Amino acid sequence: MILSMTGFAAATREFPGGMLSLEVRAVNHRYLDVQMRLPEELRIIEPQLREQIAARVTRGKLECRVGLNQVDSAAPTLELNQAFLSRLLEVSREVQKQSGEGKGLSVGELMRWPGVLKSNELAPEVLHQLCLEALQTALADFNASRSREGEKLKDVLIERIEGMETIVAAIKPKLPQILENYMAKLSGRLQEALGSVDEDRLKQEFALFAQKIDVDEELSRLTTHLTEVRRILKSGGQSGKRLDFLMQELNREANTLGSKSVSTDTTQASVELKVLIEQMREQIQNIE
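Numbers in the numbering used here are just positions in the sequence shown, counted from 1, shifted up by 83.
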């Protein structure tokens, strides 16, 4: 499928006493440029977040913004683990009795002992996991929205391709008559200017000149390039750079068609083709 480089998605995760909110937004860019806006509590997992993004997005200027909203009533609290403390004191007295030492654990040592104090504060690793999960959800929605936008871009491009194919199909049958009319006109002018002209020499010069102004090859290459654009759009995937290159090739052929033009028909065709190519190029700038 064709993916647009522009998109937006958001995800939230609730935790005791607050909420984590995450937003992903992107615009078109030549390469992948990721900017992170993280609270200090999540700065440590920035490499993991970037890795997740790079696995799902290949081009675009992307911003990932994460916020933590905690309610006042959820301020961290500390409580004694009474059962654990009682058991710790019993063990301490037993150790004193058996070792003969008169000094037991001090208050400071008891307070620092793991498990004596209980807190309602969310563990950092739990918060980190919530953030990673939120990003996965946001990226899934982000790519879904980019896919929908990509399908719209694809329809626009197909419409322009059909317009260009119509122009080529209309001008191609006219080429022999355009060339014949131009040669007859040029021959008449030469006859008026020079009087008698060697017919054989005139035919040779006309044959050489006809090759220089013949645009059948340019029209054939235009058709070939348009077929390739259709194939890429059908195949999908990371196609923005390939399509951009083909727009350059299409524009080159349209310009050559105009420079070789000897009639208003081919000149007009060249102008119309370049307008459609430019419209396509603008849309392709948004394709990944």
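Just so you know, even glycine gets a beta-carbon here, dropped at the ideal spot from N, CA and C. Keep in mind it's a predicted model, so treat the numbers as computed, not measured.
{"query": "C-alpha distance - Leu316 paired with Thr95, whole-angstrom precision", "result": "34 Å"}
{"query": "Straight-line gap, Glu106 to Leu151 (C-alpha atoms, nearest Å)", "result": "12 Å"}
{"query": "Met247, buried or exposed, once every other Cβ within 10 Å from all chains shown has been counted against 16", "result": "buried"}
{"query": "Given Gln331 as reference, the closest of Lys255, Arg195, Lys357 once Cα atoms are compared", "result": "Lys357"}
{"query": "Pairwise C-alpha distance: Glu365 and Pro256", "result": "31 Å"}
{"query": "Proximal residues to Leu213 (C-beta, below 7 Å), its chain only, five neighbours per side dropped", "result": "Arg96, Phe98, Leu103"}
{"query": "Residue environment, Glu263, which counts as buried when at least 16 other CB atoms sit within 10 Å", "result": "exposed"}
{"query": "Proximity below 8 Å, CB of Leu309 to CB of Ile250", "result": "no"}
{"query": "Arg231 beta carbon near the ligand ADP (any heavy atom closer than 7 Å)", "result": "Looking at this structure, you won't find the ligand ADP or any other ligand, since it has none at all."}
{"query": "Own chain, CB closer than 6 Å to Met108, minus 5 neighbours either side, in chain order", "result": "What sits at residue 108 in the sequence shown is Arg, not Met. Closer than 6 Å at the Cβ level, and outside the excluded window around Arg108, lie Phe91, Glu146."}
{"query": "Inter-residue spacing [alpha-carbon to alpha-carbon] between Leu333 and Ile370", "result": "18 Å"}
{"query": "Whether Thr349 touches Leu340 by CB criterion (8 Å)", "result": "yes"}
{"query": "Cα-Cα separation between Glu232 and Thr89, rounded to whole angstroms", "result": "8 Å"}
{"query": "Proximity winner among Ile241, Lys235, Leu222, Leu121, relative to Arg314 (alpha-carbon distances)", "result": "Ile241"}
{"query": "Where Asp348 sits in the DSSP three-state scheme", "result": "helix"}
{"query": "Whole-number beta carbon distance between Ile360 and Asp327, since they are thought to touch under 8 Å", "result": "Not quite, the Cβ-Cβ distance comes to about 11 Å (not below 8 Å), so this is no contact."}
{"query": "The segment 131-144 contacting the segment 109-122, beta-carbon criterion three pairs below 8 Å", "result": "yes"}
{"query": "Beta-carbon proximity list for Arg383, same chain, < 8 Å, skipping 5 on both sides", "result": "Past the edges of the chain, shown from 84 to 371, lies residue 383, and the structure says nothing about it."}
{"query": "Cα-Cα separation, Glu311 to Ala137", "result": "28 Å"}
{"query": "Span separating the alpha-carbon of Ser189 from that of Ala166", "result": "18 Å"}
{"query": "Residue of Gln153, Glu192, Gln181 minimising C-alpha distance to Leu171", "result": "Glu192"}
{"query": "Beta-carbon proximity list for Arg229, same chain, < 7 Å, skipping 5 on both sides", "result": "Leu86, Ser87, Gly90"}
{"query": "Local Cβ density within 10 Å of Val298, reported as buried at 16 or more and exposed below that", "result": "buried"}
{"query": "Own chain partners of Arg304 with C-beta closer than 7 Å, once the 5 adjacent residues on each side are dropped", "result": "Glu336"}
{"query": "Ala93 vs Ala223 beta-carbon contact at 8 Å", "result": "no"}
{"query": "Gly319 beta carbon less than 8 Å from that of Met84", "result": "yes"}
{"query": "Minimum C-alpha distance to Gln153 - residue among Glu173, Gly100, Ile254, Ser182", "result": "Gly100"}
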